[in-house]
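Note that the working numbering gives residue 204 to position 141 of the sequence shown, counting from 1, and the numbers run on in steps of one. For every residue, glycine included, the Cβ atom is placed at its ideal position computed from N, Cα and C.
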Amino acid sequence: MAKQAAPVKKNQTITLQFEDLTHEGNGVGKISGYPLFVPYALPGEEGDVKVVKVNKNFGFGKLLKLTASSPERVEPPCNVFYQCGGCQLQHMSYNKQLDMKQEQVKNTLRKVAHLDHVPVHSIIRMDDPWRYRNKVQMPVGETDDGELKTGFYQKRSHRIIDGMETCVIQDEVNDRMVEGVRRIASRLGISAYDEAQDTGVLRHIVVRTAAKTNDTMIVLITRTPDLPNGDELVDELLKTYPHITSIVHNINDQETNAIWGKKSQTIWGDDYIQDQIGDLTFAISARSFYQVNPPQTTKLYDKALEYANLGANDTVVDAYCGIGTLSLFMAKEAKQVYGVEVVPDAVDDAKKNARLNQMTNASFYTGEAEKVMPWWTAQGMRPNVIVVDPPRKGCDEALLQAMIGMAPDRIVYVSCNPSTLARDLGILEDGGYAAKEVQPVDMFPQTHHVEAVCRLEKKVSDASV
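Written out as structure tokens, the structure is:
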């Protein structure tokens, strides 16, 4: 049978009606049943579209002009929104963003894991969906006249956006700190890293802020082991911004797109800043993983704690404990919590955080969870609850089998990727656990990313009924 040609050709201009959204927030319109994905288009809209790519089963288009607009369309407050790849949804009302994300979780569970029966609750919204990010990693470049410039990269490139003075999803302190470092470093003659030539000094400026304590950490990432005029830079930063808690120098001397190098040294102040989630305090080092949206993290962890349904005699295993944030939330109600994490520095931080909160019922161990947990099982450990909060790639199947092998009564799975959540839930379902409910949380407003927490319970076998 001859291959059927797509009904459109590359560079063709067509009029398209949009009826749906992809999980990334692109509008979807169809020509003779052939879908075209078009950024910045919304369902119910119509527009002129240039076809930019044609695949066998779908294509991509560029929106040239709207001929009919949706009432859900809003004016993006960011002046570089259409250049920057950091946000995807600023053109969409916040209510529409929330609807889209909830549907994304529902559809993914249905298509990937066939879990049509599992309730997906209304997404937990953010009271103010702006200025929420407590961490910024900003690349540094140079203008034509040799001044330093900072800004995020243009979409699908490593070209820094010109004229970017602020980011509307960043804490305003982050903006001021980046601007201050750039201005002072430029005046002191500190050069920017040139990725093409592998020359220059300053690669990235990283700022972490703590909303509850007002602590601020600045990390200067350089190609060179020394920071020219570093003492003068530190002195001027402290005179201008006396609330700075920590200044760290990280060295990345590799020809790489990676931001961080392996070696860090605190050159002023403390090795940590402190922040609070709920009623707990956490010490955060330069490289620590820490949720970027603390107000929503409190809501997320409160829901995880509710799903754990802990009693005073319960034991919990946290399979990706990091610096102990979720572990210590569980320790508030459990008899004992055991956290395991592959990164030694994170385990050290977790132990520090347990001491900081005067919690003696949380213990932390370094190792690969899929190897440590079977050993714990062989020693007779039988946790009532396992909690897991993996990276976007989800859980290794060996870890899922280790969780199943420990036979907890309940599993609480926190996920930042609905696709890998659905995949892993399918494996846990086959291993004897039933997904009972899923709660999405809007951790990343103005972007297509969505967090979710799922409650699973051990299935009751027919023999035990």
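Out of the options, state which residue places its alpha-carbon closest to the alpha-carbon of residue i.
i	options	result
THR423	VAL448, SER254, ALA394	ALA394
ILE347	ALA131, VAL137, THR276, ARG266	THR276
GLN153	SER220, TRP193, THR360	TRP193
HIS511	ASN480, GLY495, GLU135	ASN480
LYS174	PRO503, GLY430, SER482, ILE490	SER482
GLN217	LEU488, THR272, CYS147	CYS147
VAL244	VAL203, GLY263, ASN356	VAL203
VAL101	GLU235, VAL516, PHE123, ASN158	PHE123
TYR97	VAL71, ALA274, PRO288	VAL71
PRO503	PRO139, ASP111, HIS184	HIS184
MET155	GLY149, ALA104, ASP238, VAL516	ALA104
ASP487	ARG473, LEU462, VAL137	LEU462
TYR157	ASP225, GLU138, PRO437	GLU138
ASP278	VAL143, ASP298, HIS221, ASN237	ASN237
ILE322	MET201, PHE121, LEU368, GLN442	MET201
ASP179	ALA397, VAL168, ARG518	VAL168
GLY495	MET469, PHE507, GLU514, GLY90	MET469
PHE507	GLY110, GLN151, ALA397	GLN151
GLN317	HIS86, GLU166, PRO288	PRO288
Evaluate residue i with the Cβ neighbour count: other Cβ atoms within 10 Å of its Cβ, from every protein chain shown; 16 or more gives buried, anything less gives exposed.
i	result
TYR145	exposed
LEU296	buried
GLU108	buried
LYS73	exposed
VAL528	Only weak support exists for where VAL528 lies, its pLDDT of 43 falling under 50; the coordinates are left without a value.
THR206	exposed
ALA526	With a pLDDT of 48 at ALA526, under the threshold of 50, the modelled position of this residue cannot be trusted; read the value that follows with caution. When all chains shown are included, ALA526 counts as exposed.
SER95	exposed
MET64	Legend: pLDDT at MET64 = 45, less than 50; position of this residue unreliable, no value from coordinates given.
LEU127	exposed
THR130	exposed
VAL117	buried
SER478	buried
ILE360	Contrary to the premise, residue 360 reads as Thr rather than Ile in this sequence. Burial call: buried.
HIS312	buried
GLY387	buried
VAL523	exposed
ASP505	buried
TRP439	buried
LYS326	exposed
SER133	buried
ASN376	exposed
HIS267	buried
Inspect the beta-carbon positions of residue i and residue j and report whether they are closer than 9 angstroms.
i	j	result
ALA485	LYS521	no
VAL270	VAL241	yes
GLN354	THR344	no
VAL450	VAL475	yes
LYS119	ALA69	yes
PHE392	TYR370	no
ASN315	ARG350	no
GLY88	LEU79	no
PRO291	GLY324	no
GLU433	GLN464	yes
MET436	ALA382	yes
Assuming residue i contacts residue j under a Cβ cut-off of 8 angstroms, what Cβ separation, rounded to an integer in Å, is found between them?
i	j	result
LEU84	MET163	5 angstroms
GLY293	ILE330	7 angstroms
SER390	GLY374	The pair is not a contact, with the Cβ atoms about 17 angstroms apart (cut-off 8 angstroms).
SER249	LEU211	4 angstroms
SER309	GLY341	Between GLY341 and SER309 the Cβ distance is about 23 angstroms, and since that is not below 8 angstroms, they are no contact.
MET189	PRO305	No, MET189 and PRO305 are not in contact; Cβ-Cβ is about 31 angstroms, not under 8 angstroms.
PRO182	GLU500	5 angstroms
VAL143	ILE224	5 angstroms
If you measure from the beta carbon of residue i to each beta carbon in chain C, is any gap under 9 angstroms?
i	result
VAL231	Of the chains in the structure shown, none is chain C; there is only one protein chain.
Enumerated in chain order, which unbroken segments of the alpha helix (DSSP H) with a length of 4 residues or greater are wholly contained in the stretch 409 to 491? 432 to 441, 460 to 469
I'd like the ranges of any alpha helix (DSSP H) spanning at least 4 consecutive residues and lying wholly in the stretch 334 to 409. 357 to 371, 388 to 394
Enumerated in chain order, which unbroken segments of the beta strand (DSSP E) with a length of 3 residues or greater are wholly contained in the stretch 242 to 316? 265 to 272, 279 to 285, 309 to 314
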